[in-house]
Amino acid sequence: MRLLAWRGLTATCGLLLAAALHPALPSFLHPPLATTSALALLLVAGLLAGPRDPAGRVVGAGALAVALAFGYDGLRGHRGVLTLEMGQGTQSFEEEGPEGRSLGLRPLGFGVVLERLDPGGAAVLRVGEGASITVRPGRAASYGGFRFGVSSGRGAAEPSALRIAVAGPQGSSVVAVRPGAPAIADGLQIAVEQYFPDFALDEKQQPYSRSSEPRNPAALLHVTRRDKTWRVFVIRAMPGIHRPEGLDRVLTLIDVAATEAVTLRVSREPAAPVALAGMIAMALGLAWGARPA
Amino acid sequence: MNLAAAAAALALAAAAPFSELGRAAGRRRLDHASRALAAAAGVLLLVAAVRPAARPAAVLAFVAAAVFPRGLPCLAAAAAAAVAAVRPAPEAAPASIGAWMLVAALALGLAAAALQDMAETSGSAPKKLAAPRAAAVSGALVVLTLMLVDGGHILHWGYGLGAGATRLELPGAALVLGLALLVTLAGSLSMGAHLLARSPDGSRASRMGQSLLVLGAGLGALGVAVVAGQGLSRNEAALAAGAVDVAAMLIAVGVLGLALIRLLAASPAGEAAGVRALSGGERVLRLGAAAAMLAAATAGVESWQAEGTYVTAALAEAASVALLGLVAVQPTRLRLARTALFVVALLALLARGG
Chain A
1 MRLLAWRGLT ATCGLLLAAA LHPALPSFLH PPLATTSALA LLLVAGLLAG
51 PRDPAGRVVG AGALAVALAF GYDGLRGHRG VLTLEMGQGT QSFEEEGPEG
101 RSLGLRPLGF GVVLERLDPG GAAVLRVGEG ASITVRPGRA ASYGGFRFGV
151 SSGRGAAEPS ALRIAVAGPQ GSSVVAVRPG APAIADGLQI AVEQYFPDFA
201 LDEKQQPYSR SSEPRNPAAL LHVTRRDKTW RVFVIRAMPG IHRPEGLDRV
251 LTLIDVAATE AVTLRVSREP AAPVALAGMI AMALGLAWGA RPA
Chain B
294 MNLAAAAAAL ALAAAAPFSE LGRAAGRRRL DHASRALAAA AGVLLLVAAV
344 RPAARPAAVL AFVAAAVFPR GLPCLAAAAA AAVAAVRPAP EAAPASIGAW
394 MLVAALALGL AAAALQDMAE TSGSAPKKLA APRAAAVSGA LVVLTLMLVD
444 GGHILHWGYG LGAGATRLEL PGAALVLGLA LLVTLAGSLS MGAHLLARSP
494 DGSRASRMGQ SLLVLGAGLG ALGVAVVAGQ GLSRNEAALA AGAVDVAAML
544 IAVGVLGLAL IRLLAASPAG EAAGVRALSG GERVLRLGAA AAMLAAATAG
594 VESWQAEGTY VTAALAEAAS VALLGLVAVQ PTRLRLARTA LFVVALLALL
644 ARGG
């Protein structure tokens with residue numbers, strides 16, 4: 001008990017826990033979940049056992065509430081993602097574990113259908129018995145105990161299929177090629193090796209994308225015909241700029257088509273209000289301790 | 294460039310030495326001028342509030358006007374205002390106002406004031422060595438900052454703003470900043486030798502270290518001015534991209550400047566003359582830690598509203614910094630180091646968010 005009350009141990013646990021939680025910590029330095037949990041428990045025990053004053057006890061009680069809430073939501077809550085194309089429906093979502101591992105499909109308990117995608121990125125969902133909810137970037141919505149939100153870093157409408165024209169002696173054809181899904185046209189298997197939505201060259205003449213918006217789309221294609229392969233660079237602004245030796249076809253990037261799909265974060269965190277109350281209690285306890293003696 | 298934010302940055306940069314000079318010379322008028330400058334800068338930053346970095350800068354400026362000592366909070370506010378001056382508002386309005394960043398700025402202002410107070414009043418070294426020690430540590434901070442900005446290019450006598458095709462190389466500024474690094478390093482080492490040897494006041498190492506640090510601070514300030522001037526005249530977009538680096542150099546050089554004012558002051562007359570308005574860095578630090586905890590709670594609420602879950606990078610970072618605040622207030626050893634870590638983490642939090 002005396003060891004737990006030693007403030008040096010509390011400070012060390014807090015420091016290590018702060019480092020473990022910080023998103024800037026390289027992934028190979030991230031401790032296992034068990035270590036992080038043990039540090040949190042030690043910190044809470046130290047905060048409860050150490051202080052003799054009421055303000056310190058409030059901080060300790062708040063820390064205990066936060067730890068219990070996070071633990072409960074970790075064990076009994078659910079978090080995952082749900083990708084829907086226009087008109088598609090589902091009754092489950094892909095659940096993710098605490099470290100982002102896929103845990104498989106978890107039933108929602110009701111049906112969800114993507115009714116439409118608005119230009120501003122809002123997704124209108126038909127849920128349950130015909131109710132309708134709208135999920136906007138930066139504004140999540142609730143239904144049936146779950147929260148649905150557009151994840152930051154994932155736009156509502158995701159790209160992209162590249163429409164490639166293949167011109168040869170027999171005429172020309174157009175094929176849609178999606179990243180990770182090669183397509184076949186005019187005897188050629190075409191795959192996307194690298195995609196640049198807003199193509200530019202840096203000072204070392206290396207290609208990069210200035211933004212994620214398809215303002216100047218370009219791609220490096222991997223083209224295969226029987227045992228021969230070519231790497232073909234296509235850019236919408238300069239059709240047919242690259243004609244590799246031995247390839248008797250001209251490949252041109254016509255356009256980039258956005259797929260009408262949305263990826264949502266799905267969460268059930270019943271102990272979130274307790275976590276919030278605990279954090280506010282900790283803040284109040286710290287401020288209370290600042291009053292003049 | 295936003296003129297209101299630029300004027301606020303200049304006012305805050307002037308308010309910091311005014312505050313220190315007021316304390317050193319025991320003149321309340323200088324201290325009141327510093328407070329007025331900080332408050333005026335806060336109002337100017339409200340005019341520029343459409344820019345994301347201007348809002349936390351305004352909070353910092355108002356905190357700087359209220360707390361004491363205010364040198365370090367003024368510098369943090371000046372750096373944030375400089376970023377606001379050169380970084381344009383985003384084309385699309387953000388979904389949330391980012392209230393947690395404002396609370397984090399409040400925490401930074403309080404914690405910075407507490408750190409400055411503790412640096413001047415705590416420590417096991419004799420009181421007469423406190424000012425040389427602060428100067429040596431501040432010099433080391435300048436050296437470290439110059440080594441880290443722009444990916445360490447200054448170590449190869451290069452400096453530029455931005456990256457990729459829009460990168461703007463500034464060879465003249467690189468020369469000045471490189472010299473500032475070398476001179477400040479020599480000054481810090483010389484001052485460190487004086488401290489380690491516990492040589493008497495006015496020893497050769499002390500005099501040399503003091504001179505070199507003054508020269509280093511001057512070169513550093515000149516380097517920052519050259520970077521800002523050339524960036525504004527040649528490529529404002531590149532300056533916006535490298536704004537955080539410029540802000541970091543501004544804070545580091547400013548901290549060295551404040552330490553030198555204290556070192557060069559003959560005696561701490563300010564305290565005797567009653568300039569000290571608020572005592573107890575410990576209490577201010579606890580308020581800063583409370584604000585950091587509140588910022589984490591606000592980040593959780595905003596994440597839950599925006600993304601449907603509180604398990605986001607914003608909450609993780611805010612909670613990490615709040616834990617450092619909790620660590621800083623523990624009554625145990627290395628209090629100054631823990632407080633400094635808390636302040637640096639808050640600065641990094643605001644830099645990443647802004």
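Chains as they are written, first to last, in the numbering used here: chain A, 1 to 293; chain B, 294 to 647. Positions of the beta carbon are idealized from the N, C-alpha and C atoms, including for glycine. As the structure is a prediction and not an experimental result, all values here were calculated from the model.
Beta-carbon separation (whole angstroms), residue i vs residue j, contact threshold 8 Å
i, j, result
"A585/B", "L454/B", "Going by Cβ atoms, the distance from A585/B to L454/B rounds to 31 Å, so no, they are not a contact pair."
"L84/A", "E94/A", "In fact, because the Cβ distance is near 12 Å, the residues do not count as touching under 8 Å."
"L333/B", "R363/B", "Correcting the residue type first, residue 333/B is Ala in the shown sequence and not Leu. Not quite, the Cβ-Cβ distance comes to about 14 Å (not below 8 Å), so this is no contact."
"S608/B", "A638/B", "Looking at the sequence provided, one finds Leu at residue 608/B rather than Ser. Actually they are not in contact, since the Cβ atoms of L608/B and A638/B sit about 15 Å apart, beyond 8 Å."
"C367/B", "L305/B", "5 Å"
"L117/A", "L125/A", "Contact flag wrong, Cβ pair sits at about 10 Å."
"L578/B", "A621/B", "6 Å"
"A65/A", "G278/A", "3 Å"
"L221/A", "E193/A", "6 Å"
"P98/A", "G74/A", "6 Å"
"L478/B", "V436/B", "5 Å"
"V336/B", "A540/B", "21 Å between Cβ atoms; not a contact."
For residue j and residue i, the rounded distance between their alpha carbons
i, j, result
"R569/B", "G581/B", "With a pLDDT of only 46 at R569/B, under 50, the local geometry of the prediction cannot be trusted, and no value is derived from it."
"S142/A", "E269/A", "12 Å"
"A429/B", "A423/B", "10 Å"
"Q170/A", "F233/A", "22 Å"
"P23/A", "R645/B", "12 Å"
"V112/A", "T263/A", "13 Å"
"A615/B", "T134/A", "34 Å"
"F110/A", "Q91/A", "6 Å"
"E245/A", "W597/B", "55 Å"
"P217/A", "S173/A", "20 Å"
"H78/A", "E96/A", "8 Å"
"A67/A", "A191/A", "48 Å"
"H446/B", "A466/B", "12 Å"
"T224/A", "A185/A", "11 Å"
"A433/B", "R136/A", "48 Å"
"A341/B", "G50/A", "46 Å"
"V481/B", "A317/B", "It should be noted that the sequence gives Ser, not Val, for residue 481/B. In a straight line, the C-alpha of S481/B is about 22 Å away from that of A317/B."
"I280/A", "L587/B", "6 Å"
"A299/B", "T36/A", "44 Å"
"A167/A", "I254/A", "12 Å"
"V604/B", "A486/B", "49 Å"
"S312/B", "P119/A", "52 Å"
"G128/A", "G457/B", "49 Å"
"V659/B", "A404/B", "A question about residue 659/B goes unanswered here, because the residues of chain B that appear run from 294 up to 647."
"L103/A", "R76/A", "14 Å"
Run of the beta strand (DSSP E) containing residue i, from where it starts to where it stops
i, result
"R106/A", "102 to 117"
"I133/A", "131 to 135"
"E99/A", "That residue, E99/A, is in no beta strand (DSSP E); it is neither H nor E in DSSP."
"Y72/A", "Unbroken run through Y72/A is the alpha helix (DSSP H), 54 to 76; no beta strand (DSSP E)."
"L264/A", "261 to 268"
"W230/A", "228 to 235"
"G222/A", "Just to set this straight, residue 222/A is His in the shown sequence, not Gly. From DSSP, the beta strand (DSSP E) with H222/A extends over 218 to 225."
"S142/A", "141 to 143"
"R215/A", "Taken as a continuous stretch (DSSP letters only), R215/A belongs to no beta strand (DSSP E), as it is neither H nor E."
Where the alpha helix (DSSP H) through residue i begins and ends
i, result
"G294/A", "What is shown of chain A runs 1 to 293, which leaves residue 294/A out entirely."
"I554/B", "536 to 557"
"L188/A", "Taken as a continuous stretch (DSSP letters only), L188/A belongs to no alpha helix (DSSP H), being part of the beta strand (DSSP E) at 188 to 196."
"R2/A", "2 to 5"
"S209/A", "Note, S209/A: premise wrong, no alpha helix (DSSP H); beta strand (DSSP E) at 207 to 209."
"I280/A", "272 to 288"
Answer yes if the segment 350 to 365 of chain B comes into contact with the segment 625 to 633 of chain B, meaning at least three C-beta pairs across the two stretches below 8 Å, and no otherwise.
Too few Cβ pairs lie closer than 8 Å, so no.
Counting only runs that start and end within the segment 601 to 643 of chain B, where is the alpha helix (DSSP H) found for 4 or more residues in a row?
For the segment 601 to 643 of chain B, whole alpha helix (DSSP H) runs of length 4 or above, ordered along the chain, are 606 to 621.
Given 8 Å as the limit, is there contact between the segment 208 to 220 of chain A and the segment 181 to 199 of chain A, that is, 3 or more CB pairs closer than that?
Put simply, the segment 208 to 220 of chain A touches the segment 181 to 199 of chain A. At least three CB pairs are less than 8 Å apart.
Whole runs of the alpha helix (DSSP H) within the segment 347 to 382 of chain B, excluding any shorter than 4 residues:
Listed in chain order, the alpha helix (DSSP H) elements of length 4 or more contained wholly in the segment 347 to 382 of chain B are 347 to 359, 364 to 379.
Does the segment 506 to 519 of chain B come close enough to the segment 536 to 549 of chain B to have 3 or more Cβ pairs within less than 8 Å?
The segment 506 to 519 of chain B, when compared against the segment 536 to 549 of chain B, does touch it at the 8 Å Cβ threshold.
Are the segment 339 to 355 of chain B and the segment 276 to 290 of chain A in contact at 8 Å, needing three or more beta carbon pairs?
No: the two stretches stay apart, fewer than three of their Cβ pairs being nearer than 8 Å.
Three or more C-beta pairs below 8 Å linking the segment 464 to 472 of chain B and the segment 492 to 504 of chain B:
Segments in contact, no.
Please confirm if the segment 167 to 184 of chain A is in contact with the segment 425 to 440 of chain B, defined as three or more CB-CB distances below 8 Å between the two stretches.
Touching, no, given that fewer than three Cβ pairs across the two stretches are closer than 8 Å.
Tell me whether the segment 239 to 257 of chain A and the segment 20 to 35 of chain A touch, counting them as touching only if at least three CB pairs, one residue from each stretch, are closer than 8 Å.
Too few Cβ pairs lie closer than 8 Å, so no.
Using 8 Å as the threshold, is the segment 371 to 380 of chain B in touch with the segment 302 to 318 of chain B, meaning 3 or more CB pairs across them?
The segment 371 to 380 of chain B vs the segment 302 to 318 of chain B: in contact.
Pairing CB atoms from the segment 439 to 448 of chain B with CB atoms from the segment 404 to 412 of chain B, are three or more of them under 8 Å?
Verdict: no, contact absent.
Is it a yes or a no for the segment 41 to 52 of chain A touching the segment 3 to 10 of chain A, going by three-plus beta-carbon pairs under 8 Å?
In this structure the segment 41 to 52 of chain A lies against the segment 3 to 10 of chain A, because at least three pairs of beta carbons, one per stretch, are closer than 8 Å.
Note down, one range per segment and in chain order, each alpha helix (DSSP H) of at least 4 residues found wholly within the segment 479 to 537 of chain B.
Here the runs fully enclosed are 497 to 527, 529 to 534.
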